[in-house]
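Asks:
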Amino acid sequence: MDKIVLSGLTKVFPTGYGPVAALSSVDLVVREGEFFVLLGPSGCGKTTLVRIMAGLERRTSGEMTIARTDAGKPLTAMVFQEDSVFPWMTVEENIGYGLWIQGVPRPVIARTVSLYLEKVGLTRFARAYPFQLSGGMKKRTSVARAFAADPEVLLMDEPFGELDEQTRVLLQAELVKIWDENRKTVVFITHSIDEAVVLADRILVMTAAPGRVKAVVEVPFPRPRQAYEMRADPAYGRLIHHLWGLLREEVLKAKAEEAAAYVPGI
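Each residue of the sequence shown is one higher than the one before, starting from 15 at the first, in the numbering used here.
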């Protein structure tokens, strides 16, 4: 089943220097229950595309449809790159926030929060505040909050981008484990080719700005996956090489455009 369908989607931002196109004629289908990863150079419109899906930005033209299957659930939830936990709430209050604003009964909230605290390994920190947590623990809280709200589509904008490599690898595994239990539709942004291959069912490679679809690549590794086993497989190396071949030209193009736009002293 097609969950998200984009047709000719374009986004243009007005600026003091004239209109700037972030996305141009994006045609895309995301399937129900798949883990779909967006990969592209900086500034190619990945975040803008996901924010449009989330309803946080309006498209300039084109069509977008997200198939709703349960009117009682939120359509989307988003996990941002920056820390988005509420500093005045405890971990358990943060995780239960989405359920609370939906008017879910308190006993159900309590059971759901307890379940997700256990899933992300934060049971001991249920009553801690964000200032008492590490960066990885805050991300665990954000991910748990998003899943606990039970949206139909989960949108994730480089959620692990600011973490150290070891924490990142651990959280990738935890994310896939949680996702594998409910198979929600996930759209995930990353700059990391390795992260894209480890997580994705399919990978969208975007062009330099204005962002377009360059290629959609199937990840051939069956689930459940073990990242360290994948990396030892020659097919993994071939896929990384193929993706970098697609991406390299766009990265160089984006860098050249940045250099051309640079004005010394401004």
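Just so it is clear, CB atoms sit at the ideal spot from N, CA and C, and this is done for glycine as well.
It should be emphasised that the depicted structure is a prediction, and the values quoted were computed from it without experimental measurement.
Going by DSSP, what residue range makes up the beta strand (DSSP E) through E243?
Replies: Counting along the chain, E243 falls outside any beta strand (DSSP E), though it belongs to the alpha helix (DSSP H) covering A241 to R245.
Asks: In terms of alpha-carbon separation, which member of L261, A68, T199 and D194 lies closest to R239?
Replies: Selected option, being the one with the closest Cα: D194.
Asks: By the three-class DSSP mapping on this structure, what secondary structure does V265 have?
Replies: Helix.
Asks: Please classify S21: does DSSP put it in a helix, a strand, or coil?
Replies: Of the three classes helix, strand and coil, the one that applies to S21 here is strand, per DSSP.
Asks: Counting C-beta neighbours from all protein chains within 10 Å, is the total for E232 16 or more, i.e. buried, or is it exposed?
Replies: So E232 counts as exposed.
Asks: If you follow the beta strand (DSSP E) that T199 is part of, which residue opens it and which one closes it?
Replies: Where T199 is concerned, the enclosing beta strand (DSSP E) stretches over T199 to T204.
Asks: For I280, is the classification buried or exposed, using 16 other Cβ atoms within 10 angstroms of its Cβ as the cut-off for buried?
Replies: Interpretation of I280 is limited by its pLDDT of 43, a score under 50 that renders its predicted location unreliable; no figure is taken from the coordinates.
Asks: Please identify the residue among V134, G259, V51 and V211 whose C-alpha is closest to the C-alpha of A249.
Replies: When each option's Cα is compared against that of A249, the closest is V211.
Asks: By the DSSP assignment, the beta strand (DSSP E) with A36 in it spans what residues?
Replies: A36 -> beta strand (DSSP E) spans V34 to R45.
Asks: Going by Cα to Cα distance, which pick from V134, E46, P234 and D178 is closest to P165?
Replies: Of the candidates V134, E46, P234 and D178, the one whose C-alpha sits nearest the C-alpha of P165 is E46.
Asks: Once DSSP output is grouped into helix, strand and coil, what is the label at T83?
Replies: Note: T83 maps to coil in three-state DSSP.
Asks: Starting from R182, trace the beta strand (DSSP E) in both directions and tell me its first and last residue.
Replies: No beta strand (DSSP E) contains R182, which is instead part of the alpha helix (DSSP H) from E179 to N196.
Asks: Residues in its own chain within less than 6 Å of P33 by CB, not counting five upstream and five downstream?
Replies: Around P33: V26.
Asks: Using only CA atoms, which one of D41, T29 and L184 lies nearest to K228?
Replies: Nearest C-alpha to K228: D41.
Asks: Would you report the Cα separation of F202 and V122, rounded to the nearest angstrom?
Replies: Those two C-alpha atoms are separated by around 28 Å.
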